[in-house]
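Below you'll find the structure, written out as C-alpha cells, and then a few comments.
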Amino acid sequence: MQEQKLRIALLAGGTSGEREVSLKGAAGVEKALLARNFEVLRFDPATDLGRLYEEKDNIDCAFILLHGKNGEDGTVQGYLELLNIPYQGAGVLGSAIAMDKDLAKDLYLKEGLPVARWKVVTPRKVPNGRELVANLGLPLVVKPVREGSSLGLTIARTENELIAGIETALTHGRSVMVEQYIEGRELTVGVLGNDDPEGLPLIEIVPGKDFEFFDYNAKYVPGASEEICPAPVSAEISRKAQDYAIRAHKVLRLKGYSRTDMLMDSEENLYLLETNTIPGMTETSLFPQAAAAHGLDFPALLEKLIELGMEKK
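Position one of the sequence shown corresponds to residue 7 (the working numbering), numbered consecutively onward.
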C-alpha cells in the first residue's frame, strides 16, 4: 500500500462495557499491522486523548478499535475530525445514526427494508406491560437503544419478564427498545467499500445449547457458538441479504465497512436487526471471517480498511 512506513494511531480500550473486547482485538491488530510494515502508536481514549492531541501531526491515519459508547457512536470520530486525522470506517453522522437502534430502524423502513415491529420506552414514559404485549405480542426482545454486544438484552416470554427486562435495559441507558421476537436463523452480512460497497459472504451464527440467543457470552466465550461461513443458504437468499446489507450501509450514511445482523424465519423472510460500524476485529471475528472467504486475509483486510479511511479525507 505504501512506499514509506505509515504511522497508525491504534485507538483501543475506552470506557464502554466492551473495553476488554476492544483491548483483546487490539493485540492482534497491532501484530498484523507491524507485520505489514506500519508503525503503530497505541492510545486508550480513557486516558490518552491529550497525548493523541500532542501527537496529531505525527499520525497518518487512526484505526479505531472501540465498541459501544464513546467509541462507536461518533464521539471519537468527531475528535479525530477536529485533529484532522483520517480514520477507518463511518464518520460522525453515520456512527451516531447506526448506534441508535431506533433511528436506524426508522431509516431501514424508509429504505423499504424489513424489520420487526417495535416500541421505545423511557423512564419518563412509564412502560405499560399489558399495553406493550397487546400491541406486539409475546415473546419480546428487550434491549438498550444505544448499546452494543447484546449488553442488557433479554427475551421476555411473560409480562413480568418484560417489566424486569426493561428495568435491566434501563441500567444501560435511558431508552429501551421492545421488539417483536422473530424465531429463526441468525445471519450476519459484512459490507466493504466507500462509494461502491460490496457485500461479503454470509455467516450463520448458531449459539450453543446453553444460550437462548447470541448474547455477550455466546459471542466471546471460546466455543460457545458455531459460526458457519459461507452460510448454508440458497444463492437467492445470499444475494438478497447482501443487497439488504448494502442498502442499510448506504441509508445509514456509512463508509469503509459495516456488518448488518439479520434473522431469517422458517419461510425465509429476512428481518434486519442492527448494523455494526466497528465490527469485532480479531482474526476469528465475524467480519474478518467473511473477508477471508472473500479473499482478504486478516493483514490485507486491515490494510484495505486503512486505505479506505485515507481515501475519505
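Backbone N, C-alpha and C define an ideal beta-carbon position, used for all residues, glycine too.
Using 8 angstroms as the threshold, is the C-beta distance between residue i and residue j below it?
i	j	result
I234	E210	yes
V35	L308	yes
S28	L55	no
M183	V139	no
T281	H255	yes
R123	E165	no
A296	L206	yes
R253	F293	no
L168	L198	no
L99	N200	no
V148	L159	yes
K261	P92	no
Going straight from the alpha carbon of residue i to that of residue j, what length do you get?
i	j	result
D79	I103	8 angstroms
F49	G20	9 angstroms
Y277	L142	16 angstroms
R130	A162	22 angstroms
Y222	L16	Low confidence applies here, because Y222 scores a pLDDT of 46, under 50, leaving its location unreliable and the question unanswered by this model.
L258	V121	15 angstroms
S244	A41	34 angstroms
G171	K30	29 angstroms
K125	L115	14 angstroms
Y226	M316	Because Y226 carries a pLDDT of 48, less than 50, the predicted location of this residue cannot be relied on, and the following value inherits that uncertainty. For Y226 and M316, the distance between alpha carbons rounds to 31 angstroms.
L311	E45	16 angstroms
E351	D249	Since the first residue of the chain shown is 7 and the last is 319, residue 351 is not available in this structure.
S22	Q10	35 angstroms
E173	E60	42 angstroms
Please name the residue, chosen from the options, that lies closest to residue i on a Cα-to-Cα basis.
i	options	result
E273	L47, V239 and I169	V239
E153	L168, L176 and P145	L176
Taking residue i as part of the beta strand (DSSP E), name the residues at either end of that continuous run.
i	result
A162	T160 to A162
A52	A52 -> no beta strand (DSSP E), and no H or E assigned at all.
L16	R13 to A18
Hey, would you say the C-beta of residue i is under 7 angstroms away from at least one heavy atom of the ligand NAD?
i	result
A15	This structure lacks the ligand NAD, and indeed carries no ligand of any kind.
In terms of residues, what are the limits of the alpha helix (DSSP H) holding residue i?
i	result
S2	A question about residue 2 goes unanswered here, because the residues of the chain that appear run from 7 up to 319.
L278	L278 -> not in any alpha helix (DSSP H); beta strand (DSSP E) instead, spanning L276 to N282.
R152	That residue, R152, is in no alpha helix (DSSP H); it is neither H nor E in DSSP.
Closer than 7 angstroms by C-beta to residue i: which residues in its own chain qualify, once you throw out the five before and the five after it? Chain order, please.
i	result
L279	D267, M268 and L269
D271	I188, E189 and G190
R25	G19
L119	Y250, R253, A254 and L278
Excluding the 5 residues flanking residue i on each side, which residues of the same chain have their C-beta closer than 6 angstroms to its C-beta?
i	result
A38	F304, P305 and L308
K107	V151, M183 and E280
L89	K62
E117	R253 and V257
Return the chain-ordered list of same chain residues with a C-beta closer than 8 angstroms to the C-beta of residue i, the five sequence neighbours on each side being excluded.
i	result
L193	L208, I209, E210, I211, A237, V239, A247, D267, M268, L269, M270 and L276
F220	Summary for F220: the model assigns pLDDT 48, below 50, so the residue's position carries little reliability, and this model does not support an answer.
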